[in-house]
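Colleague: Residue numbers (this note's numbering), protein chains in the order written: chain A, 8 to 255; chain B, 8 to 255.
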DNA sequence: CGCTACCTTGAACATGTTCAAAATTTGTGG
DNA sequence: CCACAAATTTTGAACATGTTCAAGGTAGCG
């Protein structure tokens with residue numbers, strides 16, 4: 008319970024790491040000031056639940072740092088992850104007061120929150136916010152549909168390769184490295200979380216990761232540290248046509 | 008090839024059957040007039056392709072009557088349907104010029120089209136359109152995520168029951184009948200299309216429909232005409248918690 | 001060092017797929 | 001209206017992929 012009180016930290020929007028990708032990306036400085044007035048930060052430790060599905064949610068938020076997941080659960084306990092929230096991603100839905108999914112911090116997480124009422128009012132008066140939110144929502148819809156193809160039609164091996172390729176790409180885009188050449192990253196998810204994302208069991212995830220390693224598609228150092236010697240090879244294993252455009 | 012030239016038909020927005028659900032739902036009459044000036048109708052016969060994934064698409068559109076599907080295809084031919092477009096649903100993405108999915112008419116189809124350029128300009132000047140489009144996109148995202156749970160975690164029987172429940176509900180909502188009591192409708196999809204939607208093979212779809220019939224969950228007259236004697240029973244079979252809110 | 005989480009591996013099993021054939025429905029032309 | 005061809009659907013049997021249940025291994029952290 009070492010609760011570092013990050014919730015007190017407050018930063019200028021101008022210095023914010025997600026300033027140019029989040030829902031505020033298009034805002035002018037006066038609009039940003041207005042947002043600044045209604046925003047507050049919240050921090051969560053790895054493993055903590057941000058909200059439970061069905062709970063009242065009186066804020067919307069952007070992920071600033073860390074990773075969160077959206078999951079759905081059936082009565083008998085079957086779980087399906089329906090979203091992986093990375094820095095700049097948006098949580099919550101204007102015009103709805105109950106959370107539709109469980110939101111969980113998988114790493115330590117900082118979110119930039121806006122009380123819903125003022126945010127909704129601002130949406131009406133600030134087209135730059137509504138425009139950006141529409142754009143982000145359309146991107147998420149594309150990502151969800153790409154994921155439907157994965158869940159409905161890909162083999163276990165292809166599913167794992169697809170997930171690794173997505174994480175590798177995202178990491179490459181954050182680090183601004185060349186997309187060719189070898190890539191290195193740490194898995195932000197446990198085997199079980201990967202299984203929940205891919206519609207598999209954790210045993211199958213483990214077996215397929217071992218198989219990809221055995222076949223030289225990936226290298227592992229420990230359980231989490233992954234090296235991709237050849238991204239094209241990984242993409243082939245994922246079954247995507249070479250130039251598929253996941254996420255942003 | 009009996010091509011009834013519906014493409015010439017032109018109607019007043021005020022009389023349009025989707026006036027209050029489509030992207031134009033929130034528009035005032037002056038805004039509607041502006042839309043009316045840039046709109047045109049197109050008709051497609053059952054089975055026709057509206058656009059191919061990757062093709063240039065210089066319009067966006069609303070489905071007026073009929074049903075269309077969005078599908079993704081892998082190089083080796085595996086197909087996954089990622090959307091079922093019903094009257095009032097929106098096709099195309101402002102700010103993108105290539106289609107991301109194959110769009111196919113599964114029944115005779117009439118679409119209300121807007122050339123992309125003028126539509127995008129109107130989005131900037133007409134908040135009512137952008138607002139409505141955001142709302143619709145958020146609904147579609149919820150539907151896509153509900154479908155991810157189905158694809159990732161439901162059994163074949165649950166998948167079929169879920170699909171039937173969705174179609175039954177939609178039909179009930181169009182006909183304004185009480186959601187209890189027995190429901191009757193025609194399947195708008197072939198077994199193969201159902202399979203593409205559910206991430207199954209057509210044989211499995213056929214077998215599970217036979218099983219649901221054998222168990223008295225549904226009744227069939229011919230291949231397409233379905234009677235649901237007890238919607239609650241069907242919902243149980245679908246594995247949804249009783250009050251789940253699919254689609255709109 | 002030893003506990004606890006997490007991960008890997010094995011073997012039996014189950015669900016859904018594949019391939020094949022037969023049945024049914026639909027559309028077409030006589 | 002009927003007969004035939006084409007398309008769609010159903011059913012069967014062998015098979016494959018991923019799951020389940022069980023045991024053992026590994027890493028991180030007190």
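Every residue gets a Cβ at the ideal spot worked out from N, C-alpha and C, and that includes glycine.
Quick one: is residue 54 (chain A) buried, meaning 16 or more other Cβ sit within 10 Å of its Cβ, or exposed?
Modeller: Against the first chain, residue 54 (chain A) aligns to sequence position 47. Counting Cβ neighbours within 10 Å, residue 54 (chain A) comes out exposed, since fewer than 16 surround it.
Colleague: Can you give me the start and stop residues for the alpha helix (DSSP H) that residue 230 (chain B) sits inside?
Modeller: Locating residue 230 (chain B) in the second chain gives position 223, where the first residue counts as 1. Residue 230 (chain B) -> no alpha helix (DSSP H), and no H or E assigned at all.
Colleague: Can you give me, in chain order, the residues of the stretch 111 to 145 of chain B that have a beta carbon less than 9 Å from any beta carbon in chain A?
Modeller: Listed in sequence order: 130, 131, 134, 137, 138, 140, 141, 142, 144, 145.
Colleague: Can you list, in chain order, the residues of its chain whose CB lies under 6 Å from that of residue 120 (chain A), leaving out five sequence neighbours each side?
Modeller: Taking the first residue of the first chain as 1, we reach residue 120 (chain A) at position 113. Cβ within range, chain order: 47, 49, 66, 68.
Colleague: So for residue 204 (chain A), helix, strand or coil by DSSP?
Modeller: Taking the first residue of the first chain as 1, we reach residue 204 (chain A) at position 197. Here residue 204 (chain A) sits in helix by DSSP.
Colleague: Please report whether the beta-carbon of residue 152 (chain A) lies at a distance below 7 Å from any beta-carbon of chain B.
Modeller: For the purposes of this step, residue 152 (chain A) is taken as the residue at position 145 of the first chain. Chain B, which has a Cβ nearer than 7 Å to the Cβ of residue 152 (chain A), makes this yes.
Colleague: Since I believe residue 196 (chain B) is in contact with residue 100 (chain A) (beta carbons under 8 Å), could you give me their beta-carbon distance rounded to a whole number of angstroms?
Modeller: In the first chain, counting from the first residue as 1, residue 100 (chain A) sits at position 93. In the second chain, counting from the first residue as 1, residue 196 (chain B) sits at position 189. So it is not a contact: roughly 29 Å between Cβ atoms.
Colleague: Would you kindly check if the distance between the Cβ of residue 30 (chain B) and the Cβ of residue 256 (chain B) is under 7 Å?
Modeller: Shown here, chain B extends from 8 to 255; a query on residue 256 (chain B) therefore has no answer.
Colleague: Since residue 93 (chain B) and residue 76 (chain B) should fall inside the 8 Å C-beta cutoff, what is the C-beta to C-beta distance between them, to a whole number of angstroms?
Modeller: Translated into positions along the second chain, residue 93 (chain B) becomes position 86. Translated into positions along the second chain, residue 76 (chain B) becomes position 69. Contact doesn't hold; Cβ gap of about 10 Å is too wide.
Colleague: Checking contacts by CB at 7 Å: is residue 200 (chain A) closer than that to chain B?
Modeller: Residue mapping note: residue 200 (chain A) aligns to position 193 of the first chain, counting from 1. Chain B, which has no Cβ nearer than 7 Å to the Cβ of residue 200 (chain A), makes this no.
Colleague: Is the stretch 206 to 215 of chain A touching the stretch 133 to 142 of chain A, taking contact as three or more C-beta pairs under 8 Å?
Modeller: As far as the Cβ criterion goes, the stretch 206 to 215 of chain A does not touch the stretch 133 to 142 of chain A, which means the pair count is below three.
Colleague: Between the C-alpha atoms of residue 174 (chain B) and residue 84 (chain A), what's the straight-line distance to the nearest angstrom?
Modeller: Locating residue 174 (chain B) in the second chain gives position 167, where the first residue counts as 1. Locating residue 84 (chain A) in the first chain gives position 77, where the first residue counts as 1. C-alpha separation (whole angstroms): 26 Å.
Colleague: Report the three-state DSSP secondary structure of residue 248 (chain A) (helix, strand or coil).
Modeller: The residue given as residue 248 (chain A) occupies position 241 in the first chain. Reduced to three states, the DSSP call for residue 248 (chain A) is coil.
Colleague: Of all the CB atoms in chain B, is at least one closer than 7 Å to the CB of residue 212 (chain A)?
Modeller: If you number the first chain from 1, residue 212 (chain A) lands on position 205. Cβ-Cβ to chain B under 7 Å: no for residue 212 (chain A).
Colleague: Consider the Cβ of residue 156 (chain A): report whether some Cβ of chain B lies at a distance smaller than 7 Å.
Modeller: Taking the first residue of the first chain as 1, we reach residue 156 (chain A) at position 149. Yes, its Cβ sits closer than 7 Å to a Cβ of chain B.
Colleague: Measuring only between beta-carbons, confirm whether residue 35 (chain A) sits less than 7 Å from chain B.
Modeller: In the first chain, counting from the first residue as 1, residue 35 (chain A) sits at position 28. By this cut-off, residue 35 (chain A) is not an interface position.
Colleague: Between residue 28 (chain B) and residue 74 (chain B), what straight-line distance do the alpha-carbon atoms span, to the nearest angstrom?
Modeller: Residue mapping note: residue 28 (chain B) aligns to position 21 of the second chain, counting from 1. Residue mapping note: residue 74 (chain B) aligns to position 67 of the second chain, counting from 1. Those two C-alpha atoms are separated by around 15 Å.
Colleague: For residue 172 (chain B), does the count of other Cβ atoms within 10 angstroms reach 16, so buried, or fall short, so exposed?
Modeller: As a working mapping, residue 172 (chain B) is identified with position 165 in the second chain. With 16 or more other Cβ atoms within 10 Å, it is buried.
Colleague: For residue 61 (chain B), list the residues DSSP reports as bridge partners.
Modeller: For the purposes of this step, residue 61 (chain B) is taken as residue 54 along the second chain, with counting starting at 1. The partner list for residue 61 (chain B) (beta bridge, DSSP) is empty, contrary to what the question assumes.
Colleague: Below 7 Å CB to CB, which residues in the same chain sit around residue 108 (chain A) once its five sequence neighbours on both sides are set aside?
Modeller: In the first chain, residue 108 (chain A) corresponds to position 101, counting from 1. Closer than 7 Å at the Cβ level, and outside the excluded window around residue 108 (chain A), lie 60, 77, 78, 79, 89.
Colleague: How would you label residue 165 (chain B), buried or exposed, when you count the other beta carbons within 10 angstroms and need 16 or more for buried?
Modeller: Within the second chain, the letter at position 158 stands for residue 165 (chain B). By the 10 Å Cβ count, residue 165 (chain B) comes out buried.
Colleague: For residue 111 (chain B), which beta-bridge partners are listed by DSSP?
Modeller: Along the second chain, one-based indexing puts residue 111 (chain B) at 104. In the DSSP output, where bridge partners are listed per residue, residue 111 (chain B) has B:56, B:76.
Colleague: What are the partner residues of residue 50 (chain B), as DSSP defines its beta bridges?
Modeller: As a position in the second chain, residue 50 (chain B) is number 43, starting the count at 1. Residue 50 (chain B) is bridged to B:117.
Colleague: Across which residues does DSSP place residue 18 (chain B) in a beta bridge pair?
Modeller: For the purposes of this step, residue 18 (chain B) is taken as the residue at position 11 of the second chain. DSSP lists no partner for residue 18 (chain B).
Colleague: Going along chain B, which residues have a C-beta under 7 Å from residue 82 (chain A)?
Modeller: Here the question's residue 82 (chain A) lines up with position 75 in the first chain. Residues of chain B passing the Cβ test: 248.
Colleague: First and last residue of the alpha helix (DSSP H) that includes residue 191 (chain B)?
Modeller: Counting from 1 along the second chain, the entry for residue 191 (chain B) is found at position 184. Looking at the DSSP string, residue 191 (chain B) is not in any alpha helix (DSSP H); the run it does join, the beta strand (DSSP E), is 190 to 193.
Colleague: Closest to residue 238 (chain B) by CA distance: which of B:41, B:87, B:153, B:224 is it?
Modeller: Position 231 of the second chain, counted from the start, is the residue given in the question as residue 238 (chain B). Nearest option by C-alpha distance: B:224.
Colleague: By DSSP's criteria, residue 87 (chain A) is part of a beta bridge. Which residues make up the other side?
Modeller: As a working mapping, residue 87 (chain A) is identified with position 80 in the first chain. Answer by DSSP bridge pairing, in chain order: A:79.
Colleague: Between residue 99 (chain A) and chain B, is any beta-carbon pair separated by less than 7 Å?
Modeller: For this step, residue 99 (chain A) is matched to residue 92 along the first chain. Chain B, which has no Cβ nearer than 7 Å to the Cβ of residue 99 (chain A), makes this no.
Colleague: Name the residues in the stretch 53 to 87 of chain B whose C-beta lies less than 7 Å from a C-beta of chain A; which are they?
Modeller: Taking 7 Å as the Cβ-Cβ cut-off against chain A, the residues of the stretch 53 to 87 of chain B that qualify are 79, 81, 82, 85, 87.
Colleague: Closest to residue 247 (chain B) by CA distance: which of A:56, A:86, A:39, A:34 is it?
Modeller: Looking up residue 247 (chain B) in the second chain gives position 240. Checked all of A:56, A:86, A:39, A:34; the closest Cα to residue 247 (chain B) is A:86.
Colleague: Step through the CB atoms of chain A and report whether any lies within less than 7 Å of the CB of residue 165 (chain B).
Modeller: As a working note, residue 165 (chain B) is residue 158 in the second chain. No, its Cβ sits nowhere closer than 7 Å to a Cβ of chain A.
Colleague: For residue 71 (chain A) and residue 115 (chain B), I'd like the C-alpha separation in whole angstroms.
Modeller: Residue 71 (chain A) sits at position 64 when you count from the first residue of the first chain. Residue 115 (chain B) sits at position 108 when you count from the first residue of the second chain. So the alpha carbons of these two residues sit roughly 47 Å apart.
Colleague: So, at 7 Å on beta carbons, what are the nonlocal neighbours of residue 192 (chain B) in its own chain, with the 5 sequence-adjacent residues on each side left out?
Modeller: Sequence index remark: in the second chain, residue 192 (chain B) carries index 185 (1-based). 174, 175, 178, 233.
Colleague: Considering just the uninterrupted stretch of the alpha helix (DSSP H) at residue 131 (chain A), what are its terminal residues?
Modeller: Locating residue 131 (chain A) in the first chain gives position 124, where the first residue counts as 1. Unbroken alpha helix (DSSP H) run through residue 131 (chain A): 123 to 132.
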